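Numbering (the working numbering), first residue to last: 94 to 310. Here is the structure we will look at, set down as structure tokens.
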């Protein structure tokens, strides 16, 4: 089960860790630059990738990970920085690197032939579905409400947990149904084939075909 307050504290710790990493990187690069001016033959002005990619590769901050039969999906980066999604096969070899460029990513999920990324943008939450083969975008959804987490249900359907409601989407990104809890969720989690949400109204289980509500009074 996940809790919003705990997630907020974790994001604060990520910010602090990111600040220390950036400071250490700045000192290291400064020392390396001085060595080059002194005639260090190991210095080379090689082409470097963009800041987001560089930070994500150097950072040990892992924001999220998802595991499946095809391999492991990892999201690295930090708040206010673009993130890097890396997919590794069962043998540990990197098969795909996808650099986020539309917002700040914070959650990922892995399907059979695709992966999903939740992002925070200036207008709200964004969900992107991309191909595992080449990182090509298959579809995306925008939401004005804050999106917290996501998980796979049965038959390729996906559940997205928001601050006001939960959305169940099919494999094409079309909304199958929406469940409004009336208040911010107190906690949530994902079991085999369904999602569990705890709110002030009680417990609800979300399946691909619909919800089951259990009032806890």
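Every residue, glycine too, gets a C-beta built ideally from N, C-alpha and C. Predicted, not measured: the structure shown is a model, and the values here were computed from it.
Around the Cβ of residue i, are there at least 16 other Cβ atoms within 10 angstroms (buried) or fewer (exposed)?
| i | result |
| --- | --- |
| residue 153 | Low local confidence applies: a pLDDT of 46 at residue 153 is under 50, so the model's placement there is unreliable, with the coordinate-based value given in what follows. Exposed is the call here. |
| residue 182 | exposed |
| residue 187 | exposed |
| residue 201 | buried |
| residue 170 | buried |
| residue 179 | buried |
| residue 253 | buried |
Suppose you measure from the CA of residue i to the CA of residue j; what does that come to, to the nearest Å?
| i | j | result |
| --- | --- | --- |
| residue 274 | residue 191 | 34 Å |
| residue 265 | residue 155 | 28 Å |
| residue 249 | residue 260 | 14 Å |
| residue 231 | residue 245 | 17 Å |
| residue 255 | residue 279 | 12 Å |
| residue 300 | residue 286 | 7 Å |
| residue 277 | residue 213 | 18 Å |
| residue 184 | residue 211 | 26 Å |
| residue 195 | residue 176 | 10 Å |
| residue 283 | residue 291 | 12 Å |
| residue 168 | residue 158 | 6 Å |
| residue 209 | residue 257 | 21 Å |
| residue 306 | residue 165 | 33 Å |
| residue 222 | residue 238 | 19 Å |
| residue 293 | residue 308 | 9 Å |
| residue 199 | residue 267 | 22 Å |
| residue 205 | residue 193 | 21 Å |
| residue 197 | residue 295 | 32 Å |
Does the distance from the CB of residue i to the CB of residue j come in under 8 Å?
| i | j | result |
| --- | --- | --- |
| residue 272 | residue 297 | yes |
| residue 216 | residue 247 | no |
| residue 225 | residue 163 | yes |
| residue 251 | residue 240 | no |
Round the Cβ separation of residue i and residue j to the nearest angstrom and send it over; I've been treating them as touching at under 8 Å.
| i | j | result |
| --- | --- | --- |
| residue 161 | residue 189 | Actually they do not touch by this definition, with Cβ atoms about 13 Å apart. |
| residue 219 | residue 207 | Not confirmed; about 16 Å, so no contact. |
| residue 228 | residue 270 | No, residue 228 and residue 270 are not in contact; Cβ-Cβ is about 30 Å, not under 8 Å. |
- Task: Report the residue ranges of all beta strand (DSSP E) runs contained in full by the region 205-251; include only those spanning at least 3 residues, in chain order.
- Result: If we require 3 residues or more, the beta strand (DSSP E) runs fully inside the region 205-251 come out as 207-214, 217-224, 230-236 and 240-245.
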